[in-house]
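Student: Under the working numbering, read the sequence shown as residues 7 to 336, first letter to last. No residue lacks a Cβ here, since even glycine has one placed at the ideal position from N, Cα and C. Below is the structure I would like to discuss, written out as structure tokens.
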Amino acid sequence: MGSCNRNSELGMIGSELDKKMVVQAYEGVSVKRDWIAFNDIKSFENTMRNLHAMETEEVRQRWEKGFKGYSSWRANLPEELSEDKDSAPQVDIPDAALTMVLNQDGRIQIADTIYQVGMDKQDAVLYAIPTSREAELLKGREPGSISNVMIHRIGLTLQPFFPRWDDGGKAIIPSPDTEICDFPTSPLFPWWGQRGGLIYADNNNTQLQQDNGRQVRIDYHRWRVGFIFYSSAGIRVKTYKHTRLGGWMSTVQMNHVSMQACSKGNVLIPGFIPVPYHCQVSASASNTNKLERTIKWAAAPLHVEVLPQNFNFRFHVNYRGQQISRFIKE
């Protein structure tokens, strides 16, 4: 049904276990047209377990290249975030493993259903398209206009009464002896999407050093997303610099970044007793523009949900000698 993710560090040499995972991931998986098709939810779950366990970018790329004619969502991510309100909204999928199995159009097939991520005005949606309607999809018809297609709103953005980034008030500079699994006594209020903050200054309130004369910021957030057949929660830290055209480009690197998270809660599947979880994850990397980890994920045929009751997040960044750290207890 799902798994906690183990501790890991970028830059590790690919192990024999990693190599075996690449082979195992092919079982029950094939490329259909230009998207990945899974025989059933079990083959999808097994593949996701393998992808989450892969330690290196080299192994991940090798897995993707093993599918001839396939181009993933993550391989086609735009490098720049636009601040133009008139531009088309961008779908941000924070779960790195999921972006490996969605094709460049956000399409994936599990059993006899083709799923496609899309936008309905400002809201991210998931179209569930029966394979019997595949021909209409291939003719270029919009998924929402095809008969017998179900449209599900998916948890990629915050609910309307929350701003997009709203954890600034909760975030503190952590003390060295802070325990990552020291939860507050009260549970968090359930939310979907991404919650975090934008940082423009270090712990001493000194502005982050510019890169080639352009302003630099650090984005951090926790996420909780749901895709009907898959749900996950995780953490991400990413650097951006302002561009001359008014957007933000993720091309500036942190010297070092480390982060930890701890969460407890339940996995919910309609018709089944809630399954409790208690997970912890840590990761670190050097000379990178981002670091992200999934702390808990689950897969099921319909409406699976990872529901945290508590979700702590701590990170520390060394950016050109400047120290930036935050800790969120919720």
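Thinking C-alpha only, which one of 224, 139, 45 is nearest residue 325?
Tutor: 224
Student: Quick check: what's the CA-CA separation for residue 306 versus residue 51?
Tutor: Taking the straight line from one Cα to the other gives about 8 angstroms.
Student: Check residue 320 in the structure and name its three-state DSSP category.
Tutor: strand
Student: Leaving aside the five residues before and after residue 160 along the sequence, list all residues of the same chain whose C-beta is less than 8 angstroms from its C-beta, in chain order.
Tutor: 123, 130, 131, 132, 231, 232, 233, 234
Student: For residue 335, which residues of its own chain have a beta-carbon under 6 angstroms away from its beta-carbon, when the five flanking residues on both sides are left out?
Tutor: Cβ neighbours of residue 335 within its own chain (closer than 6 angstroms, five residues either side excluded): 190, 318.
Student: Under DSSP, the alpha helix (DSSP H) around residue 55 begins and ends at which residues?
Tutor: 47-59
Student: With distance defined between alpha-carbon atoms, name the residue in 258, 196, 157 nearest to residue 120.
Tutor: 157
Student: Report the rounded CA-to-CA distance for residue 289 versus residue 139, giving the unit in angstroms.
Tutor: 43 angstroms
Student: Let's test the definition: count the other Cβ atoms within 10 Å of the Cβ of residue 320 and tell me whether it reaches 16, buried, or not, exposed.
Tutor: Around the C-beta of residue 320, 16 or more other C-beta atoms lie within 10 Å, and the residue is accordingly described as buried.
Student: Between residue 137 and residue 118, is the Cβ-Cβ spacing less than 7 angstroms?
Tutor: In contact: residue 137 and residue 118 (Cβ atoms closer than 7 angstroms).
Student: Which runs of the alpha helix (DSSP H) fall wholly inside the stretch 92-155 and span at least 4 residues, in chain order?
Tutor: Assignment of alpha helix (DSSP H) within the stretch 92-155, counting only whole runs of 4 or more residues, yields 102-107, 140-144 in chain order.
Student: Using alpha carbons as the reference points, say which of 283, 293, 201 lies closest to residue 257.
Tutor: 293
Student: Please say whether residue 312 and residue 299 have beta carbons closer to each other than 7 angstroms?
Tutor: no
Student: Start and end of the alpha helix (DSSP H) containing residue 298?
Tutor: Where residue 298 is concerned, there is no enclosing alpha helix (DSSP H), although the beta strand (DSSP E) it sits in stretches over 296-305.
Student: Starting from the C-beta of residue 37, find all residues in its chain whose C-beta is less than 8 angstroms away, skip the five residues before and the five after it, and write them out in chain order.
Tutor: 43, 73, 74, 75, 76
Student: For residue 149, which residues of its own chain have a beta-carbon under 7 angstroms away from its beta-carbon, when the five flanking residues on both sides are left out?
Tutor: In its chain, beyond the 5 residues on either side, 122, 124, 133, 135, 143, 155 have a beta carbon closer than 7 angstroms to the beta carbon of residue 149.
Student: Output yes or no for whether 7 angstroms exceeds the beta carbon distance between residue 108 and residue 79.
Tutor: Annotated as proximal: residue 108 and residue 79, with beta-carbon spacing under 7 angstroms.
Student: Among all the DSSP beta bridges, which residues are the ones paired with residue 333?
Tutor: Residue 333 is bridged to 178, 320.
Student: By DSSP's criteria, residue 225 is part of a beta bridge. Which residues make up the other side?
Tutor: 204, 244
Student: Classify residue 159 as helix, strand or coil using the three-state DSSP reduction.
Tutor: Note: residue 159 maps to strand in three-state DSSP.
Student: Does DSSP classify residue 216 as helix, strand or coil?
Tutor: coil
Student: Is the distance from the Cβ of residue 243 to the Cβ of residue 263 below 7 angstroms?
Tutor: yes
Student: CA-CA distance, residue 31 and residue 53?
Tutor: With a pLDDT of 44 at residue 31, under the threshold of 50, the modelled position of that residue is not reliable, and the figure given next carries that caveat. When rounded, the distance between both Cα atoms is 5 angstroms.
Student: Less than 7 angstroms between the beta carbons of residue 328 and residue 208, yes or no?
Tutor: yes
Student: Alpha carbon to alpha carbon, how far is residue 206 from residue 213? Give it in angstroms, no decimals.
Tutor: 6 angstroms
Student: Could you check what DSSP says for residue 69 in three-state terms: helix, strand or coil?
Tutor: helix
Student: Kindly indicate the opening and closing residues of the beta strand (DSSP E) around residue 271.
Tutor: 260-274
Student: Reducing DSSP to helix, strand and coil, say where residue 185 ends up.
Tutor: coil
Student: Which value, in whole angstroms, describes the spacing of the CA atoms of residue 268 and residue 196?
Tutor: 16 angstroms
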